[in-house]
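Structure, as structure tokens:
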DNA sequence: CCAGATTTTGAACGGTGGGTCAACCCCGGT
DNA sequence: ACCGGGGTTGACCCACCGTTCAAAATCTGG
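Protein chains in written order, with our numbering: chain A, 46 to 253; chain B, 46 to 253.
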């Protein structure tokens, strides 16, 4: 019982360490011994808790994404205004905009997920779930805004989730790459602007 | 002279083979011997033409992207209608929509470029160039449409290039991943729809 | 047809890193 | 105190792969 608790902690500890190492060094440069070192543990132990490096990496990637998702949806639940929810979601989605949010750099992990999902069926399956959840979060906000009257009637929330989600993905990549032509702040503005256009509401009504 | 020609052919031959192998197996699983095999050549020769595997891979990725870009811009130049240009560009950008266009799967290579660019400065630099060129292509179409009067006056072509480009990127990833919720045809429709909304022209006027 | 340069080969080297395993440690129960 | 079992260690094995290199093949100009 106490034993099980401890075992679960080790599991999570390793997953966290793995996620950190992956963000630091990249998936390709992540060695089992790096993860072990980050845990302050011997390399052998990693494979005691995970049957292979590959499976650990997949779990670590989804684990990190879960962390972000939970944090975000907790915040969303606290807000009542759909406009503010949307603004916050975008804020959280712009790489490097909020220094206080520990830079686990979600987006770098997304790219690793994609590249792996291209060949690894297990990762592909996970990716689809994570992606659906991400678009769903946006769609939920849109739906909520439609219900409260903040957004117009007759809009397709799921469709907008897809469109806005894709836009954010595309822009986030560019920002993540430190592209000189797109600053984080600019991305934030563009996201809000396009979202308001697509959803059909006025930006002016929502001051900071 | 004939010597130089031959050497250049070998160079290109290797780059092509490398690009193929990368699309097939993924960057991480690409071995020098795979590339050599695809060329029908011994592994040692690869390193005779390229100083290291890493440099070859970067060159191969940009080479493949160049191929696509050249093909696309050649097509664009042949068309006079900006609407048709835009429609065609989108058509070419949807993964798996056109079976006749040899499936070198540009987008899979893009993801490999991104993941590598995160850590490799040389790749990062190349990526920025390729990305700028991609958004520029869209912006050029928008500009052209504005000049011919197909699109409204007063629109910011570069800004629209960024927005539409990002949207296409985001959607293309999802389609490339074979996501059950987004078919190639659907992506095409969505791209056209959003583009027309953002640019501000009517879709109805441009039948197939 | 020779000589020198260039291209091509494939064996060998060396480092690396995932996975295995036998031993050790530590804790809880009896 | 003893025992048993799960947790932990770290050395070892082994396959793999980038790179090197000396030798062979091929080509080119004279």
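Even for Gly, the Cβ is constructed at its ideal location relative to N, Cα and C. Please read all numbers here as calculations on a predicted model, not as lab measurements.
Between residue 207(A) and chain B, the shortest Cβ-Cβ separation is below 9 Å. With contact defined as three or more Cβ pairs closer than 8 Å, the segment 201-218 of chain B and the segment 180-190 of chain B are in contact. With a cut-off of 8 Å on Cβ pairs, the segment 160-173 of chain B is in contact with the segment 103-111 of chain B, counting three or more such pairs.
Taking 7 Å as the Cβ-Cβ cut-off, the segment 153-168 of chain B approaches chain A at 153, 156, 157, 159, 160, 162, 163 and 164, given in chain order. Contacts with chain B (Cβ-Cβ distance below 9 Å) from the segment 170-198 of chain A involve 172, 173, 176, 177 and 180, listed in chain order. Here residue 245(B) is exposed, its C-beta having fewer than 16 other C-beta atoms within 10 Å. Note on geometry: alpha-carbon atoms of residue 73(A) and residue 83(B) lie some 24 Å from one another.
With 16 or more other Cβ atoms from the protein chains shown falling within 10 Å of its own Cβ, residue 138(B) counts as buried.
Note on residue 140(A): 16 or more other CB atoms within 10 angstroms of its CB, so buried under the neighbour-count rule. Residue-level contact by beta carbon holds for residue 73(B) and chain A, with a gap shorter than 9 Å.
Distances from the CA of residue 202(A) to each of 152(A), 124(A), 159(A) and 243(A) were compared; the closest alpha carbon is that of 243(A). The segment 74-94 of chain A makes contact with the segment 58-66 of chain A, as at least three CB pairs between them are under 8 Å. For residue 103(A), the closest Cβ of chain B is not nearer than 9 Å. A contact between stretches requires three or more CB pairs, one per stretch, nearer than 8 Å, and the segment 115-122 of chain A fails this requirement with the segment 232-239 of chain A.
Of the residues 94(B), 88(B), 70(B) and 71(B), the one whose Cα lies closest to the Cα of residue 54(B) is 94(B).
Following the DSSP letters along the chain, one finds residue 108(B) inside the alpha helix (DSSP H) bounded by residues 98-123. Below the 8 Å Cβ cutoff, chain B contributes 208 and 243 as neighbours of residue 239(A), in chain order.
Under the 9 Å criterion on CB atoms, residue 89(A) is classed as non-interfacial with respect to chain B.
Residue 156(B) sits in a helix when the DSSP states are folded into three classes. Those residues of the segment 211-238 of chain B placed with their C-beta closer than 8 Å to a C-beta in chain A are 211, 212, 213, 214, 215, 216, 218, 219, 221, 222, 223, 224, 225, 226, 227 and 235, ordered along the chain.
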